[in-house]
Amino acid sequence: IAKELLNGQQVVLVRCEDVNMSGSLYRAKLKYANFKRKKTNSNPRHGPFHQRAPSKILWRTIRGMVPHKTARGAAALDRLKCYEGVPHPFDRKKRMVIPAALKVLRLRPERKFCRLGDLSSLFGWKHQE
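Residues 253 to 381 (the working numbering) make up the sequence shown, in order.
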């Protein structure tokens with residue numbers, strides 16, 4: 253996804269809560285809890301800010317793959333849109349699946365995996381259906 257953004261493609265990710273992550277839910281929970289523990293000692297309201305929605309977590313993950321502090325990277329991130337579910341303008345459009353990102357090709361069948369929506373609901377995402 254990051255490479256497509258840097259090449260100038262518009263990318264819209266729908267149903268971010270159904271993204272599969274490698275590793276067990278327990279391991280992902282420990283790693284995200286450790287990430288959430290980081291804050292500014294002088295005034296925690298100044299950041300870093302930890303999002304709970306799956307679309308925001310995925311957006312931040314992709315931001316880590318893009319040089320977001322340069323003009324090229326910032327323009328690439330402007331071309332990225334992430335949504336939970338399938339919002340109105342995209343429910344009638346043809347969707348494309350990236351074959352290299354499919355679970356059967358990316359994740360080994362004997363390994364554990366978890367959904368991003370399950371991790372988000374553990375940390376306070378209230379809109380899981």
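Glycine included, each C-beta is placed from N, C-alpha and C at the ideal position.
Would DSSP call residue i helix, strand or coil?
{"i": "residue 287", "result": "helix"}
{"i": "residue 267", "result": "coil"}
{"i": "residue 342", "result": "helix"}
{"i": "residue 274", "result": "strand"}
{"i": "residue 281", "result": "helix"}
{"i": "residue 355", "result": "helix"}
{"i": "residue 308", "result": "helix"}
Just mark residue i as buried or exposed, buried being the case when its beta carbon has 16 or more other beta carbons within 10 Å.
{"i": "residue 376", "result": "exposed"}
{"i": "residue 309", "result": "buried"}
{"i": "residue 307", "result": "buried"}
{"i": "residue 318", "result": "buried"}
{"i": "residue 323", "result": "exposed"}
{"i": "residue 336", "result": "buried"}
With distances taken from CA atoms, which of the options is nearest residue i?
{"i": "residue 365", "options": "340, 275, 259, 351", "result": "275"}
{"i": "residue 338", "options": "254, 259, 263, 267", "result": "267"}
{"i": "residue 371", "options": "378, 288, 280", "result": "280"}
{"i": "residue 215", "options": "278, 327, 345", "result": "Lying outside 253 to 381, the shown extent of the chain, residue 215 is not represented and no answer is given."}
Leaving out the 5 sequence neighbours to the left and right, which residues in its chain are closer than 7 Å to residue i when beta-carbon positions are compared?
{"i": "residue 299", "result": "292"}
{"i": "residue 369", "result": "269, 270, 306, 380"}
{"i": "residue 263", "result": "253, 256, 257, 331, 332"}
Whole-angstrom Cβ separation of residue i and residue j, contact assumed at under 8 Å?
{"i": "residue 295", "j": "residue 355", "result": "No, residue 295 and residue 355 are not in contact; Cβ-Cβ is about 42 Å, not under 8 Å."}
{"i": "residue 329", "j": "residue 312", "result": "Not really, about 10 Å apart at Cβ, beyond 8 Å."}
Suppose the cutoff is 8 Å on Cβ atoms and the five residues either side in sequence are ignored; what does the same chain contact list for residue i look like?
{"i": "residue 357", "result": "351"}
{"i": "residue 342", "result": "264, 266, 335"}
{"i": "residue 288", "result": "302, 375"}
{"i": "residue 344", "result": "none"}
Less than 6 Å separating the Cβ of residue i from some heavy atom of the ligand NAP?
{"i": "residue 295", "result": "Among the components modelled here there is no ligand, and therefore nothing to report on the ligand NAP."}
Near residue i, which residues of its chain fall below 6 Å by C-beta distance, leaving aside the five closest residues on each side in sequence?
{"i": "residue 325", "result": "318, 319"}
{"i": "residue 359", "result": "274, 365"}
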